[in-house]
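Colleague: Quick one: the structure is below, and I'll ask about it shortly.
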Amino acid sequence: MDIPRIFNITESAHRIHNPFTPEKLATLGAALRLERGTRMLDLGCGSGEMLCTWARDYGIIGTGIDMSSLFIEQAQRRAVELGVTDQVKFIHDDAAGYVSDEKVGLAACVGATWIGGGVAGTIELLRRSLLPGGIILIGEPYWRQLPPTEDVAKGCGAHSISDFLILPELLSSFRRLGYDVVEMVLADQDSWDRYEAAKWLTMRRWLEANPNDDFAKEVRAELTLEPERYATYTREYLGWGVFALMPR
Ligand code: SAH
Numbered sequence: 261m262d263i264p265r266i267f268n269i270t271e272s273a274h275r276i277h278n279p280f281t282p283e284k285l286a287t288l289g290a291a292l293r294l295e296r297g298t299r300m301l302d303l304g305c306g307s308g309e310m311l312c313t314w315a316r317d318y319g320i321i322g323t324g325i326d327m328s329s330l331f332i333e334q335a336q337r338r339a340v341e342l343g344v345t346d347q348v349k350f351i352h353d354d355a356a357g358y359v360s361d362e363k364v365g366l367a368a369c370v371g372a373t374w375i376g377g378g379v380a381g382t383i384e385l386l387r388r389s390l391l392p393g394g395i396i397l398i399g400e401p402y403w404r405q406l407p408p409t410e411d412v413a414k415g416c417g418a419h420s421i422s423d424f425l426i427l428p429e430l431l432s433s434f435r436r437l438g439y440d441v442v443e444m445v446l447a448d449q450d451s452w453d454r455y456e457a458a459k460w461l462t463m464r465r466w467l468e469a470n471p472n473d474d475f476a477k478e479v480r481a482e483l484t485l486e487p488e489r490y491a492t493y494t495r496e497y498l499g500w501g502v503f504a505l506m507p508r
């Protein structure tokens, strides 16, 4: 079981697999006013940067689940590097339907809401692991500017304009699901660059190391076109943020 290989190639050098910088991740951790010993669950934890750094900085205890074996190995190495192996645990698995045995104070799905079949389904799934008074974290794109045409939405990697909402509508969708939005930290164009532009050097280096790989043609095509696609579409139209929610 694994994710499509292209992600394991293009994001192999990323610690954060989202348009967030380490500074924004730390800002979010501080904003949540976490108590030491808070239990956390992270579905689609990627390389575990949120769990590992928050274990180090805020004393949380947590479990991360991810379907990429590469990212889970990286998460385990990061836990060793930051000296938090007694606080965090990483599981290589499909997180769909995952509910923790012991309920948590912080239940997250940051940039992987397909795991619960969309934002509403993922919130519902996370809620099943949540302690009373706990916080749910959802990382999700929104339209910075509404795309003028469906082609522009496709240029952003969306299937259609209706895949995402504009920010006020995303916030009202949380309200309508019965949640208070109690905090948020948003990406900006510079933090988007850290996510997207970092893939280009990784792809270039990978191509140099693997010229005869079956995948080289696909990676070459992506590296050739990606910078212009990104600057034309995603960077202009797509926003992203992490939203902290508490059931009303
Ligand atoms: N939250 C992490 C990773 C976001 S990228 C971060 O912010 O860095 C999306 C992640 O979801 C990837 O790590 C991918 O491997 C993982 N993923 C995709 N489908 C999944 C599934 N069904 N179950 C668990 N993880 C999944």
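Numbered per the working numbering, the sequence shown spans residues 261 to 508.
The C-beta atom is built at its ideal place from N, Cα and C for all residues, glycine as well.
#1: Quick test of the definition: if touching needs 3 or more C-beta pairs under 8 Å, does the segment 333-342 touch the segment 358-370?
#2: Quick test of your reading: Ser328 and Asp262, contact by CB under 8 Å. State the CB separation rounded to the nearest angstrom.
#3: Per DSSP, which residues does Lys349 bridge with? Please list them.
#4: At what residue ranges does the segment 354-418 contain a whole run of the beta strand (DSSP E), taking only runs of 3 or more?
#5: Tell me which same chain residues have a C-beta within less than 6 Å of the C-beta of Leu342, skipping the five on either side of it?
#6: With a CB to CB cut of under 7 Å and the five nearest residues on each side skipped, what residues in its chain are close to Met506?
#7: Is DSSP giving Val344 helix, strand or coil here?
#8: Can you give, in chain order, each stretch of the beta strand (DSSP E) that sits fully within the segment 437-468 and has at least 3 residues?
#9: Count the other CB atoms within 10 Å of the CB of Asn278; is the residue buried (16 or more) or exposed (fewer)?
#10: Taking just the CA atoms, how far does Arg299 sit from Gly393?
#11: Indicate the three-state DSSP secondary structure (helix, strand or coil) for Gly289 in the structure shown.
#12: When you compare only the Cα positions, how much space is there between Val445 and Trp314?
#13: For Gly501, which residues does DSSP report across the bridge?
#14: So what's Asp423 in DSSP terms, helix, strand or just coil?
#15: With respect to the alpha helix (DSSP H) encompassing Arg265, which residues constitute its N-terminal and C-terminal limits?
#16: On the three-pair Cβ rule with 8 Å, is the segment 366-373 touching the segment 406-425?
#17: Taking Arg299 as part of the beta strand (DSSP E), name the residues at either end of that continuous run.
#18: Would the beta-carbon of Ala458 fall within 8 Å of that of Ala291?
Modeller: Reading from the atomic positions:
#1: no
#2: 6 Å
#3: Thr323
#4: 364-370, 390-403
#5: Cys312, Arg316
#6: Ile395, Tyr439, Asp440, Val442
#7: coil
#8: 439-446
#9: buried
#10: 13 Å
#11: helix
#12: 16 Å
#13: Glu400, Leu446
#14: helix
#15: 265-270
#16: no
#17: 299-303
#18: no
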